[in-house]
Amino acid sequence: MSNALALPVNLSVGTFDAYLNVVRQMPKLTVEQERELALKFRDDGDLEAARQLVMTNLRFVIHVARGYSGYGLSMPDIIQEGNIGLMKAVKRFDPDVGVRLVSFAVHWIKAEIHEYVIKNWGIVKVATTKAQRKLFFNLRKSKQDIGWLSNDEAVAIAKDLDVDVSIVYEMEKRLGSRDMSFDMPVDESAEESYVAPASYLHQHGTDPAVLLENSDWEGHEQDLLSGALSQLDERSLDILSSRWLTDKKATLHELADRYNVSAERIRQLEQNAMKKVRAAVELAA
């Protein structure tokens, strides 16, 4: 099967609507076509294959980006950031894992969009849900007419948008103050030293590559343990399972009664079984 697809030479179109129209005309890849292109890029460094993977999945970026339309940012800019995430995903995509590219890429696309939104919109911390975004825009419009809200007005707005009244007051406070810049560069000439939060705030455990690697490693460890347990005799396996692999763990005396031996003998069998499992895991690893 050939991976040649009829794709536009580039996306240098005049308007955003024209861009959307071009993307909609992109052909969709079958599972076989996607795998063939991914293998060509991974194994042979075929950049044309990578380009086709990116171009044929641009419509998915648009779909994800539309979910961020309530932040007041330019949709073309949001889509562009999502496209960067898609390209990063294509670079790291492994066709042998057994998932479609879009399933893998969604984490990278959202990560790039989230970073862009955080750097360009100060209300993100509060306006995270659809109701809260609606509250932000409605409340900003109301405040231009009535100033600070009375308690009755705040309760009415909260009831109308089905949010807690505390969120209304929090949003009002945010609208009445200026946000600290997340990544403002340090002005060495300023009298007061200011360190931007970007220099010391880090969100750990959100890298898609790390999450995928950890998931694969956990599955690998479970496979090693299952293989090691399968090498035990029936009695040793039952003792370990009863002692460590059940919610209600059996005591040495309970197992001693079950096998008509001493509790000390059960302890010895348990220790021997643990040594065998540990040795089997280390050997297989």
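In terms of the working numbering, the sequence shown is residues 411 to 695. Ideal Cβ placement from N, Cα and C applies to all residues, glycine included.
Distance, residue j Cα to residue i Cα
{"i": "residue 443", "j": "residue 427", "result": "28 Å"}
{"i": "residue 466", "j": "residue 500", "result": "12 Å"}
{"i": "residue 505", "j": "residue 448", "result": "6 Å"}
{"i": "residue 489", "j": "residue 636", "result": "45 Å"}
{"i": "residue 704", "j": "residue 580", "result": "Lying before the first or after the last residue shown, residue 704 is absent from the chain, which here runs from 411 to 695."}
{"i": "residue 503", "j": "residue 437", "result": "20 Å"}
{"i": "residue 454", "j": "residue 446", "result": "11 Å"}
{"i": "residue 482", "j": "residue 529", "result": "13 Å"}
{"i": "residue 463", "j": "residue 524", "result": "23 Å"}
{"i": "residue 641", "j": "residue 632", "result": "15 Å"}
{"i": "residue 484", "j": "residue 498", "result": "22 Å"}
{"i": "residue 560", "j": "residue 582", "result": "11 Å"}
Proximity winner among the options, relative to residue i (alpha-carbon distances)
{"i": "residue 494", "options": "506, 437 and 475", "result": "475"}
{"i": "residue 520", "options": "649, 503 and 477", "result": "477"}
{"i": "residue 687", "options": "524, 664 and 643", "result": "643"}
{"i": "residue 684", "options": "666, 664, 675 and 646", "result": "646"}
{"i": "residue 496", "options": "676, 641, 525 and 511", "result": "511"}
{"i": "residue 655", "options": "663, 674 and 680", "result": "680"}
{"i": "residue 526", "options": "689, 491 and 659", "result": "491"}
{"i": "residue 486", "options": "693, 570, 439 and 425", "result": "425"}
{"i": "residue 452", "options": "648, 507 and 669", "result": "507"}
Endpoints, the alpha helix (DSSP H) within which residue i is located
{"i": "residue 429", "result": "426 to 434"}
{"i": "residue 646", "result": "644 to 654"}
{"i": "residue 441", "result": "441 to 454"}
{"i": "residue 457", "result": "457 to 465"}
{"i": "residue 483", "result": "Per DSSP, residue 483 belongs to no alpha helix (DSSP H) and is neither H nor E."}
{"i": "residue 503", "result": "First-last for residue 503: undefined, no H or E at that position."}
{"i": "residue 573", "result": "No alpha helix (DSSP H) holds residue 573; DSSP gives it neither H nor E."}
{"i": "residue 475", "result": "468 to 475"}
{"i": "residue 665", "result": "662 to 669"}
Inter-residue CB distance, residue i and residue j (contact presumed, cutoff 8 Å)
{"i": "residue 574", "j": "residue 568", "result": "6 Å"}
{"i": "residue 634", "j": "residue 671", "result": "Contact doesn't hold; Cβ gap of about 30 Å is too wide."}
{"i": "residue 665", "j": "residue 652", "result": "6 Å"}
Sequence-distant residues of the same chain with beta carbon closer than 6 Å to residue i, five excluded per side
{"i": "residue 450", "result": "456 and 459"}
{"i": "residue 468", "result": "433"}
{"i": "residue 673", "result": "662, 663 and 666"}
{"i": "residue 638", "result": "687, 690 and 691"}
{"i": "residue 578", "result": "564, 567 and 568"}
Own chain, CB closer than 7 Å to residue i, minus 5 neighbours either side, in chain order
{"i": "residue 618", "result": "517, 518 and 521"}
{"i": "residue 677", "result": "662"}
{"i": "residue 514", "result": "499 and 503"}
Same chain, Cβ closer than 8 Å to residue i, five either side skipped, listed in chain order
{"i": "residue 430", "result": "472"}
{"i": "residue 715", "result": "The structure shown does not extend to residue 715, since the chain spans only 411 to 695, so no value can be given for it."}
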